[in-house]
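*Asks:* Using our numbering, the letters of the sequence shown map in sequence onto residues 431 to 955.
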Amino acid sequence: MRGPSLFRPEHDAIRVPPTGSSRTALGQLILLTAGLVVLTLISAISIYFVNKARHDARWVLHSMKVENEISLTQLQMQRAETAQRSFLLTQHPEFRAAFEEAAGQILPGFERLEKLTIDNSYQRQRLQQIVPLNNQRIERLRRGIDLALTNQLDEAVENARREAGRDEMRHIRDLGNEMRAEESRLLAARTASADASQSFSALITAIGSGLIVLFAGLSIYLVRRSSRERDLANAQLRDINLNLESTVEKRTSDLREANDEIQRFAYIVSHDLRSPLVNIMGFTSELEDLRGNIFRRIAELSRPDGLPPPAMDDSARVAKPTLEGPDEQLSQDFTEALGFIKSSIAKMDRLIGAILSLTREGRREFHPSAIATRDLIESIVSTVAHQAAEANAQIRVEPLPDIVSDRIAIEQIFSNLIDNALKYLKSDGPGDIAIRGQRKLGFVIFEITDNGRGIDPKDHQRIFDLFRRAGPQDRPGQGIGLAHVRALVRRLGGTISVSSELNKGTTFTVTLPAAWMGTNRDEQT
């Protein structure tokens, strides 16, 4: 039995006070996104400036190589000139070998310079001038050595003293200095560019590090703020839970008292209704006994005047009096009225008995125990085997999961559902009833399926109401079976639903906890 709901959400709803957690979460998301964007930009810019610094450093090294080659070439030319003069003065062969060695290094040096300055038109122009001059100068020095070897030393010395040789050497030296100056200028510019790239890279890294530190500080602040808000929310939630527990306990107690009161009221009403019903049944029996005397007297009064009454023995007194015309119709109406009264009394007696049964069942204590579900249902099926045979129906019990629940309640649930399935089978074909079950997420789901005449979808909820029935009322019953089943299922912490269409069969689905641990009514909410 279910009492009226005592929960009033409009008066007693408990609401959690709003906090800034959503704003904090949004701020953290924005901060994380900004940090990711800044980190990406810093990485991209840093990579760009690092690559640029590497590029500038390569050009700095290139300029240094060019300067080194220019200086080395000038040095080899000076060595060649010095070695030639030393040979002219001393005639020692080692000076001639030194000259040849220095002269042989000059041309490869110019070739390396040509490769290094291939992209510099200024340097290439000067190389185009210095190379022929250098070749002339080397040939002039070699001719002097050749004159000395042919005993023409005076002519060789005289050629060495001439101004033309010194002018060539001075011109070569000036061109080399111009090339070195150009490379020094390029070296300075490239060094400045490399330094600028490194400075920008360092600046970007510093700015990025500062922003990351700033974001980290903001993150720490937001995390601490979120932690404080979470602690505050937890404290509020604990307070709310305490209030909610006390509220639920109070409401549960009120609901329990209301349910008990309703059950007591139903029991008292049903019990008190039996007294006048018994009186009505007694007076109806007396009316039925008086009926014979009343209509016998009417028959006597209806005889013609002067006709003596017939002699009656005991069998004649018991026999039905002979009536004619309106008296006979009155007797039939009286008998029919008594029949209606007796059938209504019987129906009223059954309804009162059903109410008393429901109230007694509602007051019964439930005790969980391990149940071999298939064995229990097969025992129920064996008790209705004769009904199934009369209805030309088979009942199939598939493998079922075991359950921990109240055995009597489970037995009543399945007894009512199987009896209901048998009662509403179609008469134009063999009946088929299947019982199956499965375990899922701590619950056991049972299905009782039949191929009976079905239930109109608009009556799916109505059939669970007390004294309410659907479809043609051509089967015996008071309309309490499914109401009783739903009450039991709810007390066991489960649910029941129906899926059906007219002339397409019906499936009742019962969902129950696999291990129901409630022990008494006081634990029911």
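Every residue, glycine too, gets a C-beta built ideally from N, C-alpha and C.
In this structure, how does DSSP classify GLN868 when only helix, strand and coil are distinguished?
*Replies:* The answer is strand: DSSP assigns GLN868 an E or B state.
*Asks:* Rounding to the nearest angstrom, what Cα-Cα distance links ALA632 and GLY638 in this structure?
*Replies:* Whole-angstrom Cα-Cα distance: 10 Å.
*Asks:* Tell me where the beta strand (DSSP E) around THR941 begins and ends.
*Replies:* It spans 936 to 943 - the beta strand (DSSP E) in which THR941 sits, taken as one unbroken run.
*Asks:* For ALA483 and GLN566, I'd like the C-alpha separation in whole angstroms.
*Replies:* Approximately 43 Å, taken between the alpha carbons.
*Asks:* Does the beta-carbon of VAL467 have 16 or more other beta-carbons within 10 angstroms, so that it is buried, or is it exposed?
*Replies:* The residue in question, VAL467, is exposed, as its Cβ has fewer than 16 Cβ neighbours within 10 Å.
*Asks:* I need the straight-line Cα distance from ARG920 to PRO756, nearest angstrom please.
*Replies:* Rounded to whole angstroms, ARG920 to PRO756 spans 58 Å at the Cα level.
*Asks:* With a cut-off of 8 Å, do at least 3 Cβ pairs link the region 875 to 885 to the region 843 to 857?
*Replies:* Touching, yes, given that three or more Cβ pairs across the two stretches are closer than 8 Å.
*Asks:* What number of angstroms, rounded off, separates the C-alpha of ASP849 from the C-alpha of VAL940?
*Replies:* Their backbone Cα atoms lie some 16 Å apart in a straight line.
*Asks:* Going by beta carbon distance, what residues of the same chain come within less than 6 Å of LEU912, once the five residues before and after it are set aside?
*Replies:* Excluding sequence neighbours, LEU912 sits near ILE893, PHE894.
*Asks:* What residue range is occupied by the uninterrupted beta strand (DSSP E) comprising GLU877?
*Replies:* From DSSP, the beta strand (DSSP E) with GLU877 extends over 873 to 880.
*Asks:* Nearest by alpha-carbon distance to SER614: which of ASP886, LYS680, VAL496, GLY948 is it?
*Replies:* With distances taken between Cα atoms, SER614 lies closest to VAL496.
*Asks:* Hey, GLY948 and PHE796: beta-carbon distance below 8 Å or not?
*Replies:* Yes.
*Asks:* Using only alpha-carbon positions, find the residue among SER493, GLU758, SER809, ALA528 that is nearest to ASN372.
*Replies:* In the structure as shown, the chain begins at 431 and stops at 955. Residue 372 is therefore absent and cannot be evaluated.
*Asks:* Reducing DSSP to helix, strand and coil, say where THR547 ends up.
*Replies:* THR547: coil per DSSP, three-state reduction.
*Asks:* Here's a check: name, in chain order, each residue in its chain whose Cβ is nearer than 8 Å to the Cβ of ASP744, leaving out the five neighbours to either side.
*Replies:* With a pLDDT of 47 at ASP744, under the threshold of 50, the predicted position of this residue should be treated as unreliable, and no value is reported.
*Asks:* State yes or no: is the C-beta of ALA815 within less than 8 Å of the C-beta of LEU852?
*Replies:* No, Cβ-Cβ distance for ALA815 and LEU852 is not below 8 Å.
*Asks:* By the DSSP assignment, the alpha helix (DSSP H) with ILE815 in it spans what residues?
*Replies:* Checking the sequence, you will find Ala at residue 815 rather than Ile. Counting along the chain, the alpha helix (DSSP H) containing ALA815 begins and ends at 815 to 820.
*Asks:* For ILE548, is the classification buried or exposed, using 16 other Cβ atoms within 10 angstroms of its Cβ as the cut-off for buried?
*Replies:* Classification for ILE548: exposed.
*Asks:* Going by alpha carbons, who is nearest to VAL827 out of ALA864, LEU459, SER835?
*Replies:* If we check each option's Cα against that of VAL827, ALA864 comes out closest.
*Asks:* Could you give the first and the last residue of the continuous alpha helix (DSSP H) run that contains ALA851?
*Replies:* Element bounds for ALA851: 837 to 853.
*Asks:* Return the first residue and the last residue of the alpha helix (DSSP H) that ALA802 is part of.
*Replies:* Where ALA802 is concerned, there is no enclosing alpha helix (DSSP H), given that its DSSP letter is neither H nor E.
*Asks:* Identify every residue that forms a DSSP beta bridge with ASP862.
*Replies:* Bridge partners of ASP862: GLN824.
*Asks:* Compare the Cα-Cα distances from ALA578 to each of GLU598, THR677, PRO523 and report the closest residue.
*Replies:* If we check each option's Cα against that of ALA578, PRO523 comes out closest.
*Asks:* PHE844 to ILE807, Cα distance in whole Å?
*Replies:* Their Cα atoms are separated by approximately 7 Å.
*Asks:* Thinking C-alpha only, which one of ALA767, ALA646, ALA487 is nearest GLN628?
*Replies:* Out of ALA767, ALA646, ALA487, ALA487 has the C-alpha closest to the C-alpha of GLN628.
*Asks:* Taking the continuous alpha helix (DSSP H) assigned at ARG921, which residues delimit it?
*Replies:* Run containing ARG921: 911 to 921, per the alpha helix (DSSP H) assignment.
*Asks:* Applying the 10 Å Cβ sphere with the 16-neighbour rule, what's the burial state of ARG556?
*Replies:* With 16 or more other Cβ atoms within 10 Å, it is buried.
*Asks:* Which partner residues of THR503 appear in the DSSP bridge assignment?
*Replies:* DSSP output for THR503 lists no bridge partner at all.
*Asks:* Counting Cβ pairs closer than 8 Å, one from the region 529 to 538 and one from the region 640 to 657, do we hit at least three?
*Replies:* Taking 8 Å as the limit for Cβ pairs, the verdict is that the region 640 to 657 does not touch the region 529 to 538.
*Asks:* Would DSSP call SER963 helix, strand or coil?
*Replies:* Because the chain spans 431 through 955 in this model, residue 963 falls outside it and cannot be assessed.
*Asks:* When DSSP builds the beta bridges, which residues end up paired with ILE833?
*Replies:* ILE801, per the DSSP bridge assignment.
*Asks:* Using the Cα positions of SER809 and PHE764, report the straight-line distance between them to the nearest angstrom.
*Replies:* Taking the straight line from one Cα to the other gives about 48 Å.
*Asks:* For VAL561, which residues in the same chain have their Cβ closer than 6 Å to its Cβ, ignoring the five residues on either side in sequence?
*Replies:* Cβ within range, chain order: PHE540.
*Asks:* Apart from the five residues just before and just after ARG866, which ones in its own chain have a Cβ nearer than 6 Å to its Cβ?
*Replies:* Only GLU828, GLU877 meet the Cβ criterion.
*Asks:* Just to confirm my understanding: we take SER799, look at its own chain, exclude 5 residues before and 5 after, and list those with CB closer than 6 Å. What are they?
*Replies:* Cβ within range, chain order: ARG837.
*Asks:* Take ASN933 and list the residues in its own chain whose beta-carbon comes closer than 8 Å to its own, dropping the five residues that flank it on each side.
*Replies:* These residues qualify, in order along the chain: LYS856, ARG883, GLY884.
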